[in-house]
Amino acid sequence: MIEVENLSKRFGKVQALNAVRFAAADGQITGLLGPNGAGKSTALRILCTVLRADAGTARVGGVEVGADPVAVRNRIGVLPHDSNVYGNLTARENIAYYAALQGLDRKAERAHAVDRVIAMLGIEDIAGRRAKGFSQGQRIRVALARSLVHDPDTLILDEPTNGLDVMATRALRDVVRERREAGCCILFSSHIMQEVAALCDRIVILAAGTVSVAGTTDDIRAATDCEDLEDAFVRALDSGIGWTGEEVAVGR
Amino acid sequence: MDGSSSRGATVVFRKELIDSLRERRSVVSALVFGPLLGPIMFAILISFVVARQVDEIAQPIDVPVVGGEGAENLMSYLYRRLIDVDHDRFADVEALREAVRRGDAKVGLVVAEDFGQALRSGAPARLWIVADESNSTARVPLSRLRSALAEYGRAIGANRLRLRGIDPFVGRPFAVLMDDVSTPSARAILLLGMMTYFLLFSTLLGGTQVAIDTTSGERERGSLEPLLTLPVPRRLLVFGKLAATFVFMAASLAVAVASFAVAVRFLPLAKIGMTANLPLAVCIQIYLVMLPFAVLGAGLMMVVASYTKNFREAQTYTSIAMVVPPLPILLVVLNPIQPSAPWMLVPSLSQHLLVTGLIKGEGVDAIHVLASAVSTVAAGALGALATVRRYGSEKLLI
Numbered sequence: 001m002i003e004v005e006n007l008s009k010r011f012g013k014v015q016a017l018n019a020v021r022f023a024a025a026d027g028q029i030t031g032l033l034g035p036n037g038a039g040k041s042t043a044l045r046i047l048c049t050v051l052r053a054d055a056g057t058a059r060v061g062g063v064e065v066g067a068d069p070v071a072v073r074n075r076i077g078v079l080p081h082d083s084n085v086y087g088n089l090t091a092r093e094n095i096a097y098y099a100a101l102q103g104l105d106r107k108a109e110r111a112h113a114v115d116r117v118i119a120m121l122g123i124e125d126i127a128g129r130r131a132k133g134f135s136q137g138q139r140i141r142v143a144l145a146r147s148l149v150h151d152p153d154t155l156i157l158d159e160p161t162n163g164l165d166v167m168a169t170r171a172l173r174d175v176v177r178e179r180r181e182a183g184c185c186i187l188f189s190s191h192i193m194q195e196v197a198a199l200c201d202r203i204v205i206l207a208a209g210t211v212s213v214a215g216t217t218d219d220i221r222a223a224t225d226c227e228d229l230e231d232a233f234v235r236a237l238d239s240g241i242g243w244t245g246e247e248v249a250v251g252r
Numbered sequence: 253m254d255g256s257s258s259r260g261a262t263v264v265f266r267k268e269l270i271d272s273l274r275e276r277r278s279v280v281s282a283l284v285f286g287p288l289l290g291p292i293m294f295a296i297l298i299s300f301v302v303a304r305q306v307d308e309i310a311q312p313i314d315v316p317v318v319g320g321e322g323a324e325n326l327m328s329y330l331y332r333r334l335i336d337v338d339h340d341r342f343a344d345v346e347a348l349r350e351a352v353r354r355g356d357a358k359v360g361l362v363v364a365e366d367f368g369q370a371l372r373s374g375a376p377a378r379l380w381i382v383a384d385e386s387n388s389t390a391r392v393p394l395s396r397l398r399s400a401l402a403e404y405g406r407a408i409g410a411n412r413l414r415l416r417g418i419d420p421f422v423g424r425p426f427a428v429l430m431d432d433v434s435t436p437s438a439r440a441i442l443l444l445g446m447m448t449y450f451l452l453f454s455t456l457l458g459g460t461q462v463a464i465d466t467t468s469g470e471r472e473r474g475s476l477e478p479l480l481t482l483p484v485p486r487r488l489l490v491f492g493k494l495a496a497t498f499v500f501m502a503a504s505l506a507v508a509v510a511s512f513a514v515a516v517r518f519l520p521l522a523k524i525g526m527t528a529n530l531p532l533a534v535c536i537q538i539y540l541v542m543l544p545f546a547v548l549g550a551g552l553m554m555v556v557a558s559y560t561k562n563f564r565e566a567q568t569y570t571s572i573a574m575v576v577p578p579l580p581i582l583l584v585v586l587n588p589i590q591p592s593a594p595w596m597l598v599p600s601l602s603q604h605l606l607v608t609g610l611i612k613g614e615g616v617d618a619i620h621v622l623a624s625a626v627s628t629v630a631a632g633a634l635g636a637l638a639t640v641r642r643y644g645s646e647k648l649l650i
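In the order they appear, the protein sequences are chains H and L. Residue numbering for the first sequence follows this note's numbering, starting at 1 and increasing by one per position. Residue numbering for the second sequence follows this note's numbering, starting at 253 and increasing by one per position.
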């Protein structure tokens, strides 16, 4: 469960986030949609505890990120924007490194966790290879495996499908759906409407640092009065429809 | 929390060590460039200096002369002193001066036209030496010519006094003798002083690549942000990376000391009356007194690399930073000082003084070793703290 209220963040003269409010429920995939520079990454980075908000609150599993970042870090799995793995380490070593840093101290326990996510992502064939020569799709899969190794209940994925081909994108979606069935709260950002529509249960559209509209795809079609989703997205960005107040009611 | 968190630093340390060992650039700069380049440059420099000193004493020097026809006795005296006078090379004084200015001739001699007449009449007979004192290669020929002329003049003067029935020693109230008390080892110091400089430099060079790779390199490659979302205190991330950098610097220092110990055996130091011997026990002592400098180096390079935005910038700033620590040594070479407790508080200078003492075979004061280690490690700790501060700030990612 992720709850964000009146979140604001400024970098110099740029107001990256302006009183943003949204929520993401457990057992659901919530899509954070917006054009480049809308503030998606900033919001996700605050939730990942690597940035601090100027104002407002952000809670993960009921824990305020600013107040107890370590507790939040223990329960989140993160795939930051343009993140990479270590080229000199094998896929398995990359994952084992994160497992150890997540506090899986016992060797057997760690090996078990690493094997589990390697199987989950289907990367057995590249597990023993050094990551230097990996394709973008292989790198993302290793990065995702490493973020899942401690079995987090919250997943924060920042444009994970960037640069992936169709097959890699599908494989990634399958894993994300599988995590949803396991009851995870998943927050997934993208700047592509179709991408979000294909995967997400609910969508939050962010434009110029504020939430423009939020809800299911049907809600968004209704709010923008557009049948076509892409038109709806463009209208949501243009007209500044404003927050409907609907999305805080997570259970609906 | 604390038990598992200190393990975080160990996990980071081991990973960075493996990662860097698999990076050819890091290994080459740690174990090849720094440690081997230093001794090689050093050996070339020393061989050059030794060869020149040996050459210049034994070999005749060329001295073009203008107007030498009127001073035949002087000319043959110079010739006997291994000074090859050449009357035909330059027609006039201007041509000689120009050649010396250009460096074609190192030193020249002009004999005044009335030289013979003045000598016979007892008036001072004039000679000019033409030289460029800023040309260091002319220094030895110049002093040889000068002393030969002075000696010849003294001989003539002594004869004149004797002819007049006066003891020549009347005009020489002093007999100044030179007693050089420098031991062969101590003389070697002047040259071996450079060794400390190369050792410090090798140490820094050995870990700089690792410091860059683990900080701004990791950030540029996009591996830092996911790392920062893990439940590991930031200071432990820094300590792990710092430890990996330290290990590379310490290894580089070890190779550098060993290669110096070997290089010294092959240098023709004995030819110029020097002995330089680095037995294993002395090498180990040198290594131990230098080791704290690796802590300082690791702290310094980490803080510099972590405050830069990318790899390229980090390389620029670390190369600048690499010049700073050995600077005190240059000051001491220009203005020698004796080891004392206050100087031991200056990192790099203290290592230089201690290592010099060890090579001289004078031994070192335990208090000095302690002061040097504590002040140097403290300086490294400051760098580490500044890096921890940087890692605690969100500016690291922006």
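Glycine included, each C-beta is placed from N, C-alpha and C at the ideal position. Quick caveat, the model's predicted, so the values are computed rather than measured.
Query: Could you tell me which of L:Tyr331, L:Asp419, L:Ile292 sits nearest to alanine 400 of chain L, measuring between CA atoms?; Result: L:Tyr331
Query: Which residues in chain H have a C-beta closer than 8 Å to the C-beta of valine 263 of chain L? List them in chain order.; Result: Tyr97, Ala100, Leu101
Query: Excluding the 5 residues flanking tyrosine 326 of chain L on each side, which residues of the same chain have their C-beta closer than 7 Å to its C-beta?; Result: Here residue 326 of chain L turns out to be leucine, not tyrosine, going by the sequence shown. These residues qualify, in order along the chain: Tyr404.
Query: Taking 6 Å as the limit between beta carbons, can you name the residues of its chain near isoleucine 46 of chain H, skipping five residues before and five after?; Result: Ala53, Ala58
Query: If we cut at 7 Å on Cβ distances, does asparagine 88 of chain H have a partner in chain L?; Result: yes
Query: My understanding is that leucine 148 of chain H touches phenylalanine 188 of chain H, with C-beta atoms under 8 Å, so please give their C-beta distance in whole angstroms.; Result: Not confirmed; about 14 Å, so no contact.
Query: Provide the residue span of the alpha helix (DSSP H) that contains arginine 276 of chain L, from first to last.; Result: 276 to 280
Query: Report yes if the C-beta distance between threonine 481 of chain L and cysteine 48 of chain H is below 7 Å; otherwise report no.; Result: yes
Query: Could you list which residues in chain L have their beta carbon closer than 9 Å to that of valine 4 of chain H, in chain order?; Result: Here the premise fails: no neighbours, minimum Cβ distance about 17 Å.
Query: Please confirm whether any heavy atom of the ligand MG lies closer than 6 Å to the CB of alanine 171 of chain H.; Result: The ligand MG is not part of the structure shown, which contains no ligands of any sort.
Query: How would you list, in chain order, the residues of chain L whose beta-carbon sits under 7 Å from the beta-carbon of aspartate 82 of chain H?; Result: Gly474
Query: Any beta carbon of chain H sitting closer than 7 Å to that of valine 193 of chain L?; Result: This structure leaves residue 193 of chain L out entirely; chain L is present only between 253 and 650.
Query: Quick check on DSSP: helix, strand or coil for phenylalanine 134 of chain H?; Result: coil
Query: Please confirm whether proline 478 of chain L has its beta-carbon closer than 7 Å to some beta-carbon of chain H.; Result: yes
Query: Are the stretch 628 to 644 of chain L and the stretch 484 to 499 of chain L touching, with three or more C-beta to C-beta distances below 8 Å?; Result: yes
Query: From glutamate 614 of chain L to serine 258 of chain L, what distance separates their C-alpha atoms?; Result: 42 Å
Query: Is tyrosine 649 of chain L close to chain H? Criterion is C-beta to C-beta, closer than 7 Å.; Result: Per the sequence shown, residue 649 of chain L should be read as leucine rather than tyrosine. Yes, because at least one Cβ of chain H sits closer than 7 Å to the Cβ of leucine 649 of chain L.
Query: Check whether the stretch 614 to 625 of chain L touches the stretch 468 to 475 of chain L, taking contact to mean three or more Cβ pairs, one atom from each stretch, closer than 8 Å.; Result: no
Query: Under the rule that 16 or more other beta-carbon atoms within 10 Å means buried, what is proline 544 of chain L, buried or exposed?; Result: buried
Query: Check distances from the C-beta atoms of the stretch 35 to 65 of chain H to those of chain L and list, in chain order, the residues that come in under 8 Å.; Result: Arg45, Cys48, Thr49, Val50, Leu51, Arg52
Query: Under a three-way DSSP split, which group does glutamate 246 of chain H fall into?; Result: In this prediction, glutamate 246 of chain H has a pLDDT of 45, which is less than 50 and means its spatial position is unreliable; what the coordinates show is noted afterwards. Glutamate 246 of chain H falls in the coil class under three-state DSSP.
Query: Is phenylalanine 300 of chain L buried or exposed, if buried means 16 or more other CB atoms sit within 10 Å of its CB?; Result: exposed
Query: Which chain H residues are close to glutamate 275 of chain L, counting only those with a beta carbon under 7 Å from its beta carbon?; Result: Asn88
Query: Residues bridged to aspartate 336 of chain L by DSSP?; Result: L:Asp314
Query: Taking the alpha carbon of glycine 355 of chain L as the point to measure from, which residue in L:Asp366, L:Arg333, L:Asn387, L:Val337 has its own alpha carbon closest?; Result: L:Asn387
Query: Fully enclosed by the stretch 76 to 107 of chain H, which alpha helix (DSSP H) runs are 4 residues long or longer?; Result: 91 to 101
Query: Let me make sure I understand the geometry here. Which of H:Ala222, H:Glu109, H:Ser190 has the alpha-carbon closest to that of cysteine 200 of chain H?; Result: H:Ser190
Query: Report the residues of the stretch 630 to 648 of chain L with a CB closer than 9 Å to any CB of chain H, ordered along the chain.; Result: Glu646, Leu648
Query: Between which residues of its own chain and valine 359 of chain L is the CB-CB distance below 8 Å, once the five residues before and five after are set aside?; Result: Ile313, Val315, Val352, Ile381, Val382, Ala383, Ala390, Pro393, Leu394, Leu397
Query: Below 8 Å on the Cβ atoms is my contact criterion, and I expect serine 558 of chain L with serine 645 of chain L to pass it. Report the Cβ-Cβ distance as a whole number of Å.; Result: The pair is not a contact, with the Cβ atoms about 10 Å apart (cut-off 8 Å).
Query: Rounded C-beta distance between glycine 34 of chain H and lysine 40 of chain H? I'm assuming under 8 Å.; Result: 5 Å
Query: Answer with yes or no whether the minimum CB distance from aspartate 465 of chain L to chain H is below 7 Å.; Result: no
Query: How about tyrosine 86 of chain H and aspartate 271 of chain L: do their beta carbons lie closer than 7 Å?; Result: yes
Query: Apart from the five residues just before and just after alanine 503 of chain L, which ones in its own chain have a Cβ nearer than 8 Å to its Cβ?; Result: Ala282, Leu283, Gly458
Query: Using DSSP's beta-bridge definition, name the partner residues of threonine 57 of chain H.; Result: H:Glu5
Query: Please report the residue range of the beta strand (DSSP E) in which valine 362 of chain L lies.; Result: 359 to 363
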